[in-house]
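Presented below is the structure to which this report refers.
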Amino acid sequence: MWVPGARIPSRLTLSAFTRAGRSCVVNSVAARWKDVPAENCRGLYDFHPQLESDVGFVKASSRLYKSRSETKRYVTSPRLAETMVRMLRGKRKAGQLILECNPGPGVLTRALLESGARVVALESEKTFIPELKSLGDSVNGRLEVIYCDFFKLDPRSHGTVTPPVMTSDMLFQYLGMKAHPWKKGFPLKVVGILPVKTERNTLWKILHDLYSCSSVYKFGRAELNLFISEKECRKLTANPQTPGLYQSLSVLGQIACGIKVLCTEPSSSFDMYTIKGQLERQRHRGSLEQNLCFIQLTPHRNLFSGTLTPFNYDVFFHMLRQCFMKRNAKLIDHLPSLSPIDAVHILKQIKKHKDVRVIDMYPEDFQRLFETIECSKDDTCKWLYDEFMEDTLS
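Take 2 as the starting number for the sequence shown in this note's numbering and just add one per residue.
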């Protein structure tokens with residue numbers, strides 16, 4: 002598993018290299034593909050996620066979830082709810098399933114139901130659940146209410162879990178939903194607002210889950226429709242034309258998804274509630290007063306049709322993080338620390354000048370760089386990994 006701040010996974014095949022403190026990933030593609038089922042070896046374009054064994058929905062127990070004072074944003078404006086419904090409707094058929102994260106007072110929930118959608122409300126605050134269940138009783142089974150925190154699905158900690166924290170297997174098995182092949186998409190839309198205090202970490206977790214085909218993406222190409230701060234939105238959509246915002250998160254997000262900014266709303270369009278469901282006073286919200294962007298993240302259908310797969314994505318993450326540590330440096334100066342393959346040869350392969358800087362590379366250029374090194378036939382050792390990166394990235 003690779004997440005920001007984590008070390009290269011132990012499953013990578015490492016061998017000693019000539020310089021101290023440096024390792025080499027040998028035959029990285031072959032090392033990963035040897036454990037892939039034969040029917041998937043032709044490429045991840047037809048990758049069909051495999052579910053783990055059944056997990057009990059109620060009986061699991063854990064101390065992983067700690068009740069902390071946590072402020073959350075909620076949609077409480079009927080005007081905003083109607084706007085979101087129009088954007089979510091698109092070309093969808095009547096009765097499409099919407100997974101709503103932390104609906105709170107249920108303003109958006111009601112608007113979605115009025116549009117004819119079927120809604121699964123994942124609410125992490127018990128205060129709001131009785132009213133949501135009462136609403137569900139009045140709509141002939143089109144609303145399912147579950148005590149669950151979507152943004153804490155599949156925690157990285159070991160052990161079993163208990164609601165509101167749960168695994169995606171627990172959730173989707175309870176809903177009776179099966180995994181869909183990646184190229185066929187997934188008949189479900191997710192809508193919510195990223196947590197205020199853990200927004201960036203949540204974005205990283207979403208990207209990790211997407212590239213590894215884990216959590217909700219184990220079931221298919223789920224479309225996420227999320228409100229995030231304008232600051233993080235600008236970083237996620239940045240490119241070399243906005244160098245001050247451009248970073249590894251930008252590259253990973255744009256390679257993995259089609260990113261569409263649907264609208265921008267002032268923070269005054271939302272209400273803040275504490276963990277006990279109490280409306281937070283305005284005077285405590287000064288640091289949170291900024292615009293929020295409603296973005297649509299649609300995983301690319303052909304993301305895994307080439308060299309990049311859920312079995313080598315961690316090397317791609319590592320490559321980007323190491324490059325952006327010195328974002329203004331020339332790429333040719335970075336390459337010797339990434340691969341023993343001749344740097345000039347690599348630049349020729351990706352059709353870049355020797356003076357090109359990291360910050361000048363577009364997302365598709367980084368993908369081409371990764372593919373060039375990963376597909377090289379000239380060297381048995383393709384990637385280098387410096388041990389100091391373990392401390393640097395943690």
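Beta carbons are placed, not taken as given, at the ideal position from N, Cα and C, and that holds for glycine. Computed from a prediction, not measured in an experiment: that's the story for all the values here.
In the same chain as H181, and ignoring 5 residues on each side of it, the C-beta atoms closer than 7 Å to its own belong to F187, F220, G221, in chain order. Sorting T72, I99, E126 by C-alpha distance to the C-alpha of L114 places I99 at the top. For S169, the closest alpha carbon among the candidates I342, S216, Y274 is that of S216.
In the structure shown, T373 adopts helical secondary structure according to DSSP, grouped into three states. Going by C-alpha positions, I347 is about 21 Å away from T310. At a Cβ-Cβ threshold of 8 Å, K236 and L227 do not count as neighbours. Here the alpha carbon of C382 sits roughly 14 Å from the alpha carbon of F371. In this chain, the beta strand (DSSP E) harbouring C102 covers 98-102. Taking a C-beta distance under 8 Å as the contact criterion, I229 and C294 qualify as a contact pair.
Cβ-Cβ distances below 7 Å link M167 to C149, L154 in the same chain, with the five nearest sequence neighbours on each side left out; the list follows chain order. CA-CA distance, T203 to A344, rounds to 35 Å. The C-alpha of E83 is placed about 10 Å away from the C-alpha of R90. A straight line joining the alpha-carbon of V252 with that of R143 spans about 38 Å. For Q297, the enclosing beta strand (DSSP E) begins and ends at 293-300. Assignment of beta strand (DSSP E) within the stretch 217-247, counting only whole runs of 3 or more residues, yields 224-230 in chain order. The beta carbon of T308 sits closer than 8 Å to those of V30, F371, E372, E375, C376, all from its chain and outside the five residues before and after it, given in chain order. Selection L225, I351, K355, K378 evaluated against E365 yields I351 as nearest (Cα-Cα). In the DSSP assignment, Y274 falls outside any alpha helix (DSSP H) and lies within the beta strand (DSSP E) extending over 271-274. In this structure, V121 lies near L176, with their beta-carbon atoms less than 8 Å apart. As far as DSSP is concerned, T77 takes part in no beta bridge. Shortest Cα-Cα distance from V86 to any of R111, P106, N103, R74 involves R111. Taking each of Y314, P267, W183 in turn and checking the Cα distance to T299, the smallest one comes out for W183. Here DSSP, grouped into helix, strand and coil, assigns K134 to helix. Cβ-Cβ distances below 6 Å link T265 to N292, C294 in the same chain, with the five nearest sequence neighbours on each side left out; the list follows chain order.
In the three-state reduction of the DSSP assignment, T265 falls in the strand class.
Straight-line measurement puts the Cα of Y314 at about 11 Å from the Cα of A257.
Counting along the chain, K206 sits inside the alpha helix (DSSP H) bounded by residues 200-212. The three-state reading of DSSP puts Y148 in strand, counting E and B together. In the DSSP secondary-structure assignment, E124 is bridged to Y148. Measuring C-alpha to C-alpha distances from G245 to each of Y212, K190, N329, P267 identifies N329 as the nearest.
K331 is positioned such that its CB atom lies closer than 8 Å to that of R358. By alpha-carbon distance to E71, the top candidate from G117, G107, T199 is T199. Residue burial annotation: D334 is exposed, with fewer than 16 other C-beta atoms found within 10 angstroms of its C-beta. Under DSSP, no beta-bridge partner is assigned to R328.
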